[in-house]
C-alpha cells in the first residue's frame, strides 16, 4: 500500500466508523429480539454490563464487533454460517464488508472446550464484524440465515430481549 492510499483511507476513516458503529448497534438491538439467540454481547446495548463504561470511554461509538450465541450450539451455528449470502465468512476484522465467523472452530479452535467456556465462548458463539452495507441488506441476510436455523429446528426461545434467557 502506498502512502497516498493510506492517506486516502485515513481521510474517510471517521465517516466509515460512524457507519460501522450505527450498523453494529442496530444489528445488536435486532439480534436481541431473535428467537434463536441466547445472548448478545455489544457494549452499546443497555443490557450489556459494560454499557455505562462504554458510554463514558467510547462516547462516539462502541465499535463494529457484535458477538452473539445461538440456541442449538455448533449445529445451529453451522447452519447459520452456511446460510449467509451477503455476509462473508472469514476471520478478518476492519473490512468494509460485514464478516461472520464461528469463533469456537476458527480463532479459538486451538483452545480446549473448558478454556473456551472460561472465556465465554460456546459452540453457538458467532462473531460479526459489521460493515458498511445498507442495514436493510445486512438484516435481510441475517434474517434468512436465522430462518434456516429455525427451519432446522434450533430456535427454541423468544429471544434475549423477551427475557426468556439471560445475557451472558
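In the numbering used here, the protein residues as written are -7 to 160. Note that CB positions come from ideal geometry on N, CA and C, so glycine has one too.
- Secondary structure of residue 146 (DSSP, three-state): coil.
- Under the three-pair Cβ rule at 8 Å, the region 68 to 79 does not count as touching the region 41 to 48.
- Using a Cβ-Cβ distance cut-off of 8 Å, the region 14 to 26 and the region 46 to 62 are in contact, since at least three pairs of beta carbons, one from each stretch, lie closer than that value.
- Excluding the 5 residues flanking it on each side, residue 98 has same chain C-beta neighbours closer than 7 Å at 83, in chain order.
- Of the other Cβ atoms in all chains shown, fewer than 16 fall within 10 Å of the Cβ of residue 2; this residue is therefore exposed.
- If you draw a straight line from the Cα of residue 130 to the Cα of residue 121, it is about 11 Å long.
- Apart from the 5 residues on each side of it in sequence, residue 144 sits with its Cβ closer than 6 Å to the Cβ of 71 in its chain, given in chain order.
- Taking 8 Å as the cut-off, the beta carbon of residue 66 is found closer than this to the beta carbon of residue 115.
- The Cβ-Cβ distance between residue 102 and residue 113 does not fall below 8 Å.
- Within the region 83 to 141, the runs of alpha helix (DSSP H) at least 4 residues long that lie entirely inside it are, in chain order, 105 to 110.
- Counting only unbroken stretches of 3 or more residues, the beta strand (DSSP E) elements lying wholly within the region 5 to 73 are 29 to 33 and 57 to 62, in sequence order.
- Considering only 69, 119 and 88, the residue with the shortest C-alpha distance to residue 147 is 69.
- Using a Cβ distance threshold of 8 Å, residue 96 and residue 108 count as a contacting pair.
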